[in-house]
Structures are given as C-alpha cells and as structure tokens.
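A.B. asks: The following block contains the structure, expressed as structure tokens.
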Amino acid sequence: MKLSPVQVAATWALMQGSIAYAQIARTCPASDASICFALNVPDAAATSGTGDIFFQIQAPATTHEYVALAQGTQMAGANMFILYQNAAGTNVTISPRLGTGHMPPSVHNVQLELLEGSGIANGTMTANVRCSGCHSWEGGNMDFSTTSAVWIYASKTGTPIQSDAIDADISFHDDHGGFSWDLASAKGGSAVNPFVAAEVATTNATVSSVSSGPSDAVLIAHAIFGCLAVAFVLPIGGILIRVGNLSNGILVHQLIQYTGLVMYIICFGLGAYYASEDGYWGETHPRLGTAIFALMLTQPVFGIIHHAMFKKIRGRTISSYFHLTVGRSIILLGIINGGLGLKLTGRGTGAKAGYGVGAGIMGLAYVAAIVFGEAKRAKTQGTSSRDSSVELKQKSEEEAKQMEEGK
5 MKLSPVQVAA TWALMQGSIA YAQIARTCPA SDASICFALN VPDAAATSGT GDIFFQIQAP
65 ATTHEYVALA QGTQMAGANM FILYQNAAGT NVTISPRLGT GHMPPSVHNV QLELLEGSGI
125 ANGTMTANVR CSGCHSWEGG NMDFSTTSAV WIYASKTGTP IQSDAIDADI SFHDDHGGFS
185 WDLASAKGGS AVNPFVAAEV ATTNATVSSV SSGPSDAVLI AHAIFGCLAV AFVLPIGGIL
245 IRVGNLSNGI LVHQLIQYTG LVMYIICFGL GAYYASEDGY WGETHPRLGT AIFALMLTQP
305 VFGIIHHAMF KKIRGRTISS YFHLTVGRSI ILLGIINGGL GLKLTGRGTG AKAGYGVGAG
365 IMGLAYVAAI VFGEAKRAKT QGTSSRDSSV ELKQKSEEEA KQMEEGK
C-alpha cells in the first residue's frame with residue numbers, strides 16, 4: 005500500500021516522538037581549557053533521582069599526571085573519579101576514591117564501567133564512564149531529579165601517571181575548583197552510552213562557579229609560617245642563648261622567640277580555618293598543632309619569671325624547669341608535626357625529603373646545643389661549688405686562728 009505524503013510525515017513524527025534523545029551537558033571550567041567534563045542523566049534517573057548516570061572526562065595525555073572529577077562541595081567526603089594513563093600508556097585507568105580532606109583520597113567501592121570511546125587519541129585522554137551507584141556514597145548523596153548539583157575538579161601537571169592499579173599514588177593537585185551543574189541540560193535518553201550514540205544533543209552547559217573549600221594559598225601560607233617557626237626561628241633562639249656568648253643574649257633570645265610565637269599564631273589561625281572548612285580536625289596533625297599552640301602561649305609568662313628569678317637567685321626554680329621543658333618539647337614536637345602536615349597533604353617525595361633534611365639538621369643542632377649548654381652549666385656549677393668550699397674552709401681556718409690568738 006502506498007502511503008500519501010501526509011501519512012509519511014505523520015508516521016515519521018510519531019517515530020520521532022517515541023525516541024528518547026539523550027542530552028549531554030559539557031563544560032570546561034578549569035584554568036586549562038583542554039580539561040573538559042560532560043554529563044548525561046538518563047530519563048529513569050532523572051525521574052527517580054537514583055540509577056545509572058554517564059559522565060566523561062577529557063584531558064591532555066602528556067602534560068598532566070592526573071585529572072579528577074568529583075561529586076560534592078569539598079574534597080572531604082567527595083565521591084571522586086581520577087583519570088590517568090594505564091601502564092602501557094595506550095589506554096586509561098579510572099580510579100574511584102573517597103576524599104578525606106587534603107590528604108591522598110582512599111580507594112572505595114563504587115560500580116564504574118569504562119565504556120566504548122574511552123582511551124587515548126590525538127594527545128587526549130578520554131574516559132566515558134557509566135556509574136551505577138553515584139546517587140549515594142559513604143558520607144554523601146546526590147539527587148539526580150533536582151535541577152542542579154555541585155561538582156568539584158582537580159588536576160596535577162607533570163609526568164603522566166601510568167598504572168593499571170586503581171590505588172596508584174597521586175601527588176597534591178596544583179589546580180582545583182568547583183561548579184554547580186545545570187542538570188536540566190543533561191537529562192534524557194535511555195541507559196546506554198550517550199557519548200557514542202547517534203542521536204545526542206550536546207550543549208555547552210552554563211555552570212556557576214562555587215567554592216570548593218579554602219584556597220591552596222591558605223594551605224601554603226600555613227605551611228610556610230609553621231615550618232619557619234618550629235624548624236628555624238624557635239630553634240635558633242634556643243641555640244643562641246646556649247652557645248652564642250652574647251652580652252645581651254637574653255634580649256636577643258626573647259626577640260627571636262617572640263618572632264617565632266607570632267609566626268606560629270598566624271600558622272595556627274590559617275590551619276584552624278583550613279581544618280574547619282575542609283573537615284579534618286580528626287587528623288593527628290591539627291590536633292597536635294593545637295596542643296603545641298596551647299603550650300606555646302604559656303612560654304612568655306614563664307619565660308619572664310624564669311629569667312627574673314634566675315637573675316635574682318642565680319639558680320633554677322620550678323618556673324625555670326617548666327619553661328625549659330615545655331619550650332624544648334614545643335620545638336621537637338613542632339618539627340615532627342611539620343612532617344605529619346606534609347604527609348597529610350600528600351606532597352611529593354621531594355618536598356618531604358627537603359623538609360626532612362632541613363628540619364632534621366636544625367633539630368640535631370638544637371639538641372646538641374642543649375647538651376652543650378647543660379654540660380657547660382654543670383661544669384660551671386662544679387667550679388663554683390669547689391670555689392665555695394675552698395672559701396668556706398679558708399674562712400673556718402681564719403676564725404679558728406683568731407680564736408686561738410685570743411686565748
């Protein structure tokens with residue numbers, strides 16, 4: 005039977021109406037415009053709020069160690085997907101991880117599937133991914149029936165990671181940010197790979213930048229002030245008063261230690277802000293740093309008392325031993341805590357080695373100065389005791405002689 009043009013047009017329109025076209029929302033929010041992300045929420049997930057979703061990560065293959073996309077407003081508790089090359093450098097590895105603050109994220113169990121179209125071509129890594137559990141994860145969830153959702157991203161430039169392992173070591177990122185994704189422009193289609201489907205509408209999604217936590221500059225400033233305070237300034241003040249033989253040694257010691265105190269106060273303020281914003285107060289580094297800060301605040305008062313009493317009685321008192329013991333503990337614990345801070349951020353071996361060597365040398369020099377100072381003090385006290393004994397003996401002999409002459 006031959007159909008009329010009107011019937012053909014009607015049949016075509018009916019068929020088109022039955023096809024669920026997928027929409028892909030694409031955005032390139034990073035400072036490197038060659039890093040892009042795309043998202044599709046199939047009709048089923050868009051209706052129920054749960055179910056399979058599809059996302060794509062594209063990034064330069066030769067200039068980046070890794071690129072990461074994550075669900076969440078900050079790294080702590082984020083559902084992360086980290087892209088890097090496979091061991092052969094011919095394909096890609098996608099690593100699901102759970103963000104735990106500014107420390108290396110841990111691998112966690114989420115159902116991901118690398119789909120057709122993934123790989124490395126023309127200098128670009130591409131991961132087309134189906135996620136079957138992205139509506140909920142440990143510490144977070146995302147409702148795909150809403151109109152928008154917050155995602156974050158991060159990347160690290162450098163020699164590409166090449167590994168088949170999903171738990172490959174990664175170093176601290178050098179670019180990161182966050183954005184609110186308009187889910188309305190990403191909805192539609194059935195639960196099939198939309199990135200290779202013939203009937204797909206791709207839009208450059210309008211995204212709104214959002215805060216993904218405090219700036220890395222805050223973390224860097226925190227590290228600089230903290231390392232300088234506990235691994236350089238405070239040890240120098242302690243060393244000079246013991247081996248410096250300065251005429252105004254106490255004044256120099258006080259000025260240096262007050263400088264270190266101010267630097268550590270700045271360090272603590274920045275660190276407390278960072279810990280609160282990124283949610284990792286439960287880690288050893290911020291807890292130990294807080295204890296050191298509390299002890300450090302006692303030092304000015306007990307230091308003044310110690311020096312005043314020592315000048316008066318030429319000996320140590322209870323305040324002296326408190327000031328000395330706490331001061332030495334602050335410096336040594338501070339040096340250790342600096343290393344814990346580097347471990348927490350996941351810095352590379354170069355940064356850790358540099359700090360370890362520098363802080364280690366300063367720590368050993370400080371301990372050596374303590375040993376030298378105590379030995380010198382003991383020797384001085386021994387000489388003073390012998391001199392006093394001789395003087396006392398001579399005085400006794402003179403008194404005895406006078407008494408004898410008076411008889």
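Counted the way the numbering used here counts, the sequence shown spans residues 5 to 411. All C-beta atoms, glycine included, are put in the ideal place defined by N, C-alpha and C.
1. When you compare the CB positions of Gly182 and Thr349, do they come within less than 8 Å of one another, or not?
2. Considering only residues of the same chain and omitting the five flanking positions on each side of Glu142, which have a CB-CB separation below 7 Å?
3. How many Å lie between His327 and His310 at the Cα?
4. Just list the residues that DSSP pairs Pro100 with in beta bridges.
5. What number of angstroms, rounded off, separates the C-alpha of Val96 from the C-alpha of Phe85?
6. Touching or not, the region 234-243 and the region 263-282, by the rule of three or more beta carbon pairs under 8 Å?
7. Closest to Val133 by C-alpha separation, out of Glu117, Gly123, Gly121, Ser140, would be which residue?
8. Measure how close the beta-carbons of Tyr70 and Ser136 come, nearest whole angstrom, since I'm counting them as under 8 Å.
9. What is the rounded straight-line gap between the Cα of Ile39 and the Cα of Ile61?
10. Taking a contact to mean a Cβ-Cβ separation below 8 Å, would you say Asn90 touches Asp173 in this structure?
11. Where DSSP assigns a beta bridge to Ser159, which residues make up the other side?
12. Alpha carbon to alpha carbon, how far is Val330 from Leu299? Give it in angstroms, no decimals.
13. Roughly how many angstroms separate the alpha carbons of Ile339 and Phe199, rounded to a whole number?
14. Would Arg318 be called buried (16 or more neighbouring beta carbons within 10 Å of its own) or exposed?
15. Quick check on this structure: which residue in Ala80, Ala37, Leu43, Thr321 has the alpha carbon closest to the alpha carbon of Gly286?
16. For Asn341, which residues of its own chain have a beta-carbon under 7 Å away from its beta-carbon, when the five flanking residues on both sides are left out?
17. Measure the Cβ-Cβ separation of Ser189 and Ala29 and say whether it is below 8 Å.
18. Going by beta carbon distance, what residues of the same chain come within less than 7 Å of Gly123, once the five residues before and after it are set aside?
19. Comparing alpha-carbon positions, which option in His68, Gly358, Glu120, Val247 lies nearest Phe376?
20. Quick one: give me the first and last residue of the beta strand (DSSP E) that Arg30 is part of.
21. Out of His68, Ala221, Phe314, which has the shortest C-alpha to C-alpha gap to Gln166?
22. Please work out which residues of its chain come closer than 8 Å, Cβ to Cβ, to Leu244, disregarding the five sequence neighbours upstream and downstream, and give them in chain order.
23. Just reading off the alpha helix (DSSP H) that Pro239 is part of, what are its end residues?
24. Within its chain, find whatever has a CB closer than 7 Å to the CB of Ala279; leave out the 5 residues flanking it on each side and keep chain order.
25. So what's Arg332 in DSSP terms, helix, strand or just coil?
26. As an exercise, report each continuous beta strand (DSSP E) stretch of at least 3 residues that is fully enclosed by the region 284-313, in chain order.
27. Can you tell me the Cα-Cα spacing of Thr4 and Leu346, whole angstroms?
28. On the three-state DSSP scale, how would you describe Cys138?
29. Might you give, ordered along the chain, the residues of its own chain that have their beta carbon closer than 6 Å to the beta carbon of Phe229, omitting 5 neighbours on each side?
30. Whose C-beta lies closer than 7 Å to the C-beta of Ala225 among residues of the same chain, with five residues either side of it excluded?
31. What residue from Arg320, Leu223, Leu238, Ser324 has the CA that sits closest to Tyr277's CA?
32. Confirm, please, whether the CB-CB distance from Ala48 to Ile57 is below 8 Å.
33. So what does DSSP say about Gln261, is it helix, strand or coil?
34. With a CB to CB cut of under 6 Å and the five nearest residues on each side skipped, what residues in its chain are close to Ala42?
35. Determine the burial state of Asn83: buried for a count of at least 16 other Cβ atoms within 10 Å of its Cβ, exposed for fewer.
C.D. replies: Let's see:
1. At the C-beta level, Gly182 and Thr349 stay beyond 8 Å of one another.
2. Leu102, His112
3. So the two alpha carbons sit approximately 7 Å from each other.
4. Phe85
5. 12 Å
6. Yes, the region 234-243 is in contact with the region 263-282.
7. Glu117
8. Tyr70 to Ser136, Cβ: 23 Å. No contact.
9. If you draw a straight line from the Cα of Ile39 to the Cα of Ile61, it comes to about 8 Å.
10. no
11. Val71, Asp179
12. 7 Å
13. Their backbone Cα atoms lie some 51 Å apart in a straight line.
14. By the Cβ neighbour-count rule, Arg318 is exposed, with fewer than 16 other Cβ atoms within 10 Å of its own.
15. Ala80
16. Excluding positions up to five away in sequence, the list reads His289, Leu292, Gly293, Ile296.
17. Yes. Within cutoff.
18. Asn95, Val96, Thr130
19. Val247
20. First-last of the beta strand (DSSP E) with Arg30: 26-31.
21. His68
22. Listed in chain order, the non-local C-beta contacts of Leu244 below 8 Å within the same chain comprise Leu250, Gly253, Val256, His257, Ile260, local neighbours out to five positions each way being set aside.
23. 238-247
24. Trp285, Pro290
25. helix
26. none
27. A query on residue 4 cannot be resolved here, the shown segment of the chain reaching from 5 to 411 and no further.
28. coil
29. The residues are Met267, Ile270, Cys271.
30. Leu274
31. Leu223
32. no
33. helix
34. Ile28, Arg30, Gln60
35. buried
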